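Report on the structure given below.
In our numbering, the protein residues as written are 517 to 826.
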């Protein structure tokens, strides 16, 4: 089996550096900065954390519920945070999620329950491998499904209070707003037996004029094309602000224009039925209406690697 990640160099593809469906290739780990790591002290008992607290193995033997891990430090106000996690095993079952949450999230409450943990209440926000995002038990279709070899980037702007995900370093658009009032930690959760996740980088930056200018340029196609014609400047800023890539305004304006409306969706299904016709895009919906998703968590033989990793 070959590594499917688009950032993987051809040499690794030829050598097929995989072992029993677990990614061994480390090409995605090109940043080499870790301001935090996974916290063994704040993890579910059914997890194994190795590799200097960067690798997580969920449910090493079999799964009887949902396990989760959080990072070692809370995020500070007015800073930008970006981190990436790589799916180093097949994703299957009820859910595997990447996101953030407060210290009030109690992992032990879900030890014997299979659930989409991140976003199940008001204390956490999550992106599911099914391509959905969830907060306060409201779910919305967001991006592509992800699986073995996929890299999930998370950009948390603690100045604006927004959270955006990246799939293989391609921006998916703003997922959540209004979250800077909380003290947040990075989190991952999984219900799948022998599922594995690796932290590949974790950086923070202050909001500077340089960052604001680059962010503005990245939203406008003509400006970005001119910026790319200055190789020295482009290389300089790509090293420091590598997560700020082309995200042209015209390509995402519909999503952003409707985000606020969607966040106002009701918590109860009856109200949802009354109001969903007024929404201009895919609405949030109660999470218990996702019954069509495969929920086989205990048997690794159910795993599938046929997810879009592009």
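Beta carbons are placed, not taken as given, at the ideal position from N, Cα and C, and that holds for glycine. From a predicted model like this one, the values you see are computed outputs, not experimental measurements.
With 16 other Cβ atoms within 10 Å as the buried cut-off, status of residue i
| i | result |
| --- | --- |
| residue 562 | buried |
| residue 859 | Past the boundaries of the shown model lies residue 859; the chain is included only from 517 to 826, so the question cannot be answered. |
| residue 567 | exposed |
| residue 747 | exposed |
| residue 789 | Caution applies to residue 789, whose pLDDT of 40 falls short of 50 and renders its modelled position unreliable; the model cannot decide the point. |
| residue 679 | buried |
| residue 725 | exposed |
| residue 594 | exposed |
| residue 622 | exposed |
| residue 769 | Here residue 769 scores only 49 on pLDDT, less than 50, and its place in the model should not be relied on; the value that follows carries that caveat. Counting Cβ neighbours within 10 Å, residue 769 comes out exposed, since fewer than 16 surround it. |
| residue 751 | exposed |
| residue 738 | exposed |
| residue 749 | exposed |
| residue 699 | exposed |
| residue 557 | exposed |
| residue 745 | exposed |
Reduced DSSP secondary structure (H/G/I, E/B, other) of residue i
| i | result |
| --- | --- |
| residue 734 | helix |
| residue 869 | Residue numbering for the chain in the displayed model covers 517 to 826; residue 869 lies beyond these limits and cannot be assessed. |
| residue 686 | strand |
| residue 565 | strand |
| residue 608 | coil |
| residue 629 | coil |
| residue 592 | coil |
| residue 677 | coil |
| residue 579 | coil |
| residue 836 | This structure cannot settle anything about residue 836, because the visible part of the chain is limited to 517 through 826. |
| residue 702 | strand |
| residue 709 | coil |
| residue 616 | strand |
| residue 635 | coil |
| residue 769 | Here the model assigns residue 769 a pLDDT of 49, short of 50, so the residue's position is not dependable, and the following value carries that caveat. Of the three classes helix, strand and coil, the one that applies to residue 769 here is helix, per DSSP. |
| residue 555 | strand |
| residue 547 | coil |
Anticipated Cβ contact below 8 Å, residue i with residue j, distance rounded
| i | j | result |
| --- | --- | --- |
| residue 555 | residue 587 | 6 Å |
| residue 709 | residue 571 | Not confirmed; about 16 Å, so no contact. |
Rounded C-alpha distance that separates residue i from residue j
| i | j | result |
| --- | --- | --- |
| residue 693 | residue 740 | 26 Å |
| residue 757 | residue 636 | 32 Å |
| residue 734 | residue 727 | 10 Å |
| residue 720 | residue 677 | 15 Å |
| residue 611 | residue 732 | 35 Å |
| residue 652 | residue 627 | 19 Å |
| residue 763 | residue 575 | 37 Å |
| residue 609 | residue 663 | 12 Å |
| residue 606 | residue 647 | 15 Å |
| residue 630 | residue 579 | 9 Å |
| residue 659 | residue 591 | 25 Å |
(request) Report the residue ranges of all beta strand (DSSP E) runs contained in full by the region 639 to 666; include only those spanning at least 3 residues, in chain order. (result) For the region 639 to 666, the continuous beta strand (DSSP E) assignments of 3+ residues that do not extend past its boundaries occur at 640 to 644, 648 to 651, 654 to 657, in sequence order.
(message) Report the start-end ranges of each alpha helix (DSSP H) in the region 715 to 760 that is 4 residues or longer and not cut off at the edges.
(response) Correct list: 725 to 734, 737 to 744, 747 to 756.
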